[in-house]
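Taking it in order: structure first as structure tokens, then the write-up.
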């Protein structure tokens with residue numbers, strides 16, 4: 001199943017979605033996909049005209065591939081302009097992913113502050129792509145293409161504060177418009193920005209993640225390369241604190257991200 005098929009699965013049967021092992025990230029299903037599926041289930045409970053403004057995501061435990069996952073949604077509050085929604089992914093009766101989301105309609109405001117310009121990096125065609133290699137790179141990378149343009153590859157002993165480059169889905173078939181669910185996968189596709197500091201492979205994963213979407217989301221499709229940059233703000237004792245952002249090919253800010261990651265190395 002590709003990304004679009006999994007989104008459709010959670011829309012049509014949220015009580016039992018089986019994520020194939022091809023979407024694995026170590027022993028767990030890819031975190032960006034889990035966040036996208038919970039978000040998609042939440043989106044169905046929010047009135048039209050209230051796009052997502054922010055999501056706070058906690059990866060409580062690993063979602064095992066090939067085992068049914070159920071999705072539950074609770075509307076905590078629905079005000080005149082803002083809906084506060086809680087989404088859960090459960091497996092074997094246990095919560096594996098928890099998402100609290102704020103969805104808000106546009107308001108009249110005298111305040112307008114433009115986003116800072118996107119960073120200038122090497123053009124996508126000149127950047128090295130992280131190839132999918134079975135039993136070496138995570139399984140889910142067969143569905144996402146990443147081309148390095150900032151910092152080093154994971155485990156390359158590159159002590160840089162920044163890492164990033166270009167990213168898009170590898171999906172074949174019909175080209176799809178990009179939604180916030182796709183942006184979740186594009187941002188979380190990247191390994192923790194602390195991994196290039198290591199000289200040998202070691203596991204690392206997201207613990208908590210907050211992401212804010214710039215509305216309205218710029219028009220994109222699944223063939224467009226988006227620009228990602230992560231910056232390490234602090235790392236010690238096996239935890240890293242990382243700020244990141246995602247831009248469209250035209251330099252439009254799409255999302256602002258912050259993660260606490262764990263590293264076992």
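In the UniProt record's numbering, the protein residues as written are 1 to 265.
Heads up, the beta-carbon is just placed ideally off N, CA and C, and yes, glycines get one too.
On a predicted model such as this, the values are computed, not experimentally measured, just so you know.
Going by DSSP, name the residue or residues bridged to residue 89. Its beta-bridge partners are 71 and 97.
When you compare each of 167, 134, 220 and 148 to residue 176 by their alpha carbons, which one comes out closest? Check the Cα spacing between residue 176 and each of 167, 134, 220 and 148: the tightest is with 220.
Here's the rule: buried if 16 or more other CB atoms are within 10 angstroms of the residue's CB, otherwise exposed. What is residue 43? By the 10 Å Cβ count, residue 43 comes out buried.
DSSP three-state call for residue 213: helix, strand or coil? The answer is strand: DSSP assigns residue 213 an E or B state.
Alpha-carbon spacing of residue 104 relative to residue 76, whole angstroms: Spanning the alpha carbons of residue 104 and residue 76 requires a straight line of approximately 14 angstroms.
Sub-7 angstroms separation of residue 266 and residue 23 beta-carbons: In the structure displayed, the chain extends from 1 to 265; residue 266 sits before or after that span and is not available.
Taking 8 angstroms as the cut-off, does the segment 221–239 touch the segment 87–101 (at least 3 CB pairs, one atom from each stretch)? No contact exists between the segment 87–101 and the segment 221–239.
Per DSSP, the bridge partner or partners of residue 57: The bridge partners DSSP lists for residue 57 are 99 and 209.
Return helix, strand or coil for residue 246, following the three-state DSSP convention. In the structure shown, residue 246 sits in a strand (DSSP, three-state: E or B).
Of the listed residues 114, 199, 115 and 86, nearest to residue 102 (C-alpha basis): When only C-alpha atoms are compared, the closest one is 86.
Assuming residue 53 contacts residue 264 (C-beta within less than 8 angstroms), just tell me the rounded distance between them. Actually they are not in contact, since the Cβ atoms of residue 53 and residue 264 sit about 34 angstroms apart, beyond 8 angstroms.
What are the boundary residues of the alpha helix (DSSP H) that residue 39 is part of? Note, residue 39: alpha helix (DSSP H), 31–43.
Would residue 83 and residue 187 be called neighbours here (beta carbons separated by less than 7 angstroms)? Going by beta carbons, residue 83 and residue 187 fall outside the 7 angstroms limit.
Curious, which full-length beta strand (DSSP E) runs of at least 3 residues does the segment 121–182 contain? Counting only runs of at least 3 residues, the segment 121–182 fully encloses the following beta strand (DSSP E) elements, listed from N- to C-terminal order: 144–150 and 162–169.
Neighbour-count burial assignment, residue 35, 16 or more Cβ in a 10 Å radius: Under this definition residue 35 is a buried residue.
Just reading off the alpha helix (DSSP H) that residue 107 is part of, what are its end residues? Counting along the chain, residue 107 falls outside any alpha helix (DSSP H), and DSSP gives it neither H nor E.
Beta-carbon gap between residue 63 and residue 29 smaller than 7 angstroms: Yes, Cβ-Cβ distance for residue 63 and residue 29 is below 7 angstroms.
Tell me which residue opens and which closes the beta strand (DSSP E) that residue 259 is part of. Residue 259: member of the beta strand (DSSP E) spanning 253–263, first to last residue.
Given a cut-off of 7 angstroms, decide if residue 215 and residue 51 are closer than it, judged by their beta-carbon atoms. In contact: residue 51 and residue 215 (Cβ atoms closer than 7 angstroms).
So, with DSSP's three-state summary, where would you put residue 50? Reduced to three states, the DSSP call for residue 50 is coil.
Span of the beta strand (DSSP E), counted from its first residue to its last, around residue 233: That run of the beta strand (DSSP E) goes 226–236.
Bridge-paired residues (DSSP) for residue 17: Answer by DSSP bridge pairing, in chain order: 69.
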